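Reading through the structure tokens given below for one structure.
In UniProt numbering, the protein residues as written are 1 to 173.
This is the structure:
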């Protein structure tokens, strides 16, 4: 009895280059909320909404026998991708703004683990001058370009006051 070889999606030339030793690019998307962030809801959204948006969110880049890079689906363990920040409690919004900015700088500099899908979510339960809580998505650019990833992520959002309406966005200078 012959088994069919697993069908893998080819990796685009640009994604191969973006995940090379010559270049490493990640995208940080900051979602700020008017209400505190809930771990359970975040994990549920990741499992039920985020992962199904794009098969690359549950894939790793592998090289086949011919040296061709392809995306291979793997089981995603959400706990390996989600980190909850820890800041000192009971301080001012200005101090939390500083911690938040330092945290963003730190995660921007850290490399993503290469043995799992190339994304992370950071939950920040502390208020800042802009939000009651924040979620930071860190996505490797090999997963897609800014346009495709933004479109995919925005398609999963809805307004709390009226889910039939598109989300509104504020531009902050």
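Beta carbons: idealized from backbone N, C-alpha and C, even for Gly. Note that the structure is predicted; figures quoted are calculated from it, not measured.
Query - Close beta carbons around residue 103, own chain, < 6 Å, minus the five adjacent residues each side - result: 85
Query raised in the report: Any chance the stretch 35-49 sits against the stretch 89-100, with 3 or more Cβ pairs inside 8 Å?
Result: no
Query raised in the report: Between residue 58 and residue 74, which are expected to be in contact by the criterion C-beta below 8 Å, what is the C-beta distance as a whole number of angstroms?
Result: 6 Å
Query raised in the report: Can you give, in chain order, each stretch of the beta strand (DSSP E) that sits fully within the stretch 62-118 and has at least 3 residues?
Result: 69-73 and 82-84
Report task. Could you check the C-alpha separation between residue 98 and residue 159 for me, to the nearest Å? Result -> 29 Å
Requested in this report: Compute the Euclidean distance between the alpha carbons of residue 63 and residue 154, then round it to the nearest angstrom.
Outcome: 31 Å
Report task. For residue 61, count neighbouring C-beta atoms within 10 Å of its own C-beta (all shown protein chains included) and say buried if the count is 16 or more, exposed if not. Result -> buried
Query raised in the report: How about residue 137 and residue 27: do their beta carbons lie closer than 9 Å?
Result: yes
Query - From 125, 15 and 11, residue whose alpha carbon lies closest to that of residue 72 - result: 11
Query raised in the report: Are residue 94 and residue 129 close, meaning C-beta to C-beta below 9 Å?
Result: yes
Query - For residue 144, three-class secondary structure by DSSP - result: coil
Query raised in the report: According to DSSP, is residue 168 helix, strand or coil?
Result: coil
Query raised in the report: What distance in whole Å lies between the Cβ atoms of residue 80 and residue 116, which are believed to be in contact at a cut-off of 8 Å?
Result: 6 Å
Query raised in the report: What residue from 123, 51, 29 and 78 has the CA that sits closest to residue 147's CA?
Result: 29
Report task. Could you please give the first and the last residue of the uninterrupted beta strand (DSSP E) stretch that includes residue 31? Result -> 26-33
Query raised in the report: Got a sec, what are the start and stop residues for the alpha helix (DSSP H) residue 40 sits in?
Result: 39-45
**Report entry** Beta-carbon contacts of residue 100 that lie in its chain and below 6 Å, excluding the five residues immediately before and after
**Finding:** 128
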